[in-house]
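Trainee: Heads up, the sequence shown is in my numbering, so the first residue is 1 and it goes up one at a time. The structure that follows is given in the form of structure tokens.
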Amino acid sequence: MKINEIFKSIQGETSYAGLPCTFIRITGCNLRCSYCDTTYAYDEGTEMPISSILERVARYKTKLICITGGEPLADKDTPALINELLFGNYTVLVETNGSYDIRAIPQRAIKIMDIKCPDSKMSHLMHWQNIAYLTKSDELKFVLHSRGDYEWAKEVIEKYRLSEITKILIGTVFDILSPRMVAQWILEDNLNVRFQLQLHKYIWDPQTRGV
Ligand code: SF4
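Right, here's the structure in full:
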């Protein structure tokens, strides 16, 4: 598999935020979101067999693993890697951009799926059938760039009754939309979602890689 980076850090997002976590960033992505902060993962990386990835991960000694990208499902070998990690009794989070069929992700892994909002310029590539494959253990993430994105996300949440299906995360594009403003909108609308900040960008310099 082509791996962009493997590192240990504090999980900055999701309901697992704050926990020590080993990240496996897989090279390659089929989308080009307008605000992408991991463009270095489009092509850069080193070929590694799954056995070497497992050895490297074991050295970090965390119980939690996050498979991210890029887009993990762009690599056909990702499900096999997930299965090996589950077999090793890790808790495995898989961050996916929502454009691939998530049934490729083994059941015991936790899916953290994006729904790309209009300002990303990628919402037309969402695989909407995925909503039917989410469970209460999974999490669905909207990253907002504007008030327009917020209104759109609200409509999608209502239309698909998403709060009854899974956990919903709302975050903002870092340094673009004020977290305080979005928190206020959520409170005004009494939206049943979890607002999140990208913790790692507050702990370390936002441009730092490998944290
Ligand atoms: S899906 Fe993620 S990695 Fe791919 S372009 Fe969008 S933000 Fe970047």
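Note that beta-carbon positions come from the ideal geometry of N, C-alpha and C, so glycine has one too.
Over what stretch of residues does the beta strand (DSSP E) that includes SER99 continue unbroken?
Mentor: No beta strand (DSSP E) contains SER99, which DSSP labels as neither H nor E.
Trainee: Using the beta-carbon count (16 or more within 10 Å), is ALA74 buried or exposed?
Mentor: Only buried fits ALA74, as 16 or more other CB atoms lie within 10 angstroms of its CB.
Trainee: Taking only the alpha-carbon atoms, compute the straight-line gap between TRP152 and ARG161 and give it to the nearest angstrom.
Mentor: 14 Å
Trainee: What are the boundary residues of the alpha helix (DSSP H) that includes GLU164?
Mentor: Neither: GLU164 is in no alpha helix (DSSP H) and is coded neither H nor E.
Trainee: Compute the Euclidean distance between the alpha carbons of PRO79 and PRO179, then round it to the nearest angstrom.
Mentor: 35 Å
Trainee: Given that a residue counts as buried once 16 or more other Cβ atoms are within 10 Å of its Cβ, and exposed if not, what is MET215?
Mentor: Examination of residue 215 is not possible in this model, given that the chain is present from 1 through 211 alone.
Trainee: Report the start-end ranges of each beta strand (DSSP E) in the region 95-153 that is 3 residues or longer and not cut off at the edges.
Mentor: 110-114 and 139-144
Trainee: Less than 8 Å between the beta carbons of VAL94 and PRO72, yes or no?
Mentor: yes
Trainee: Does the pairing of the region 9-25 with the region 196-204 give three or more beta-carbon distances under 8 Å?
Mentor: yes
Trainee: For the region 141-156 against the region 109-125, are there 3 or more C-beta pairs whose distance is under 8 Å?
Mentor: yes
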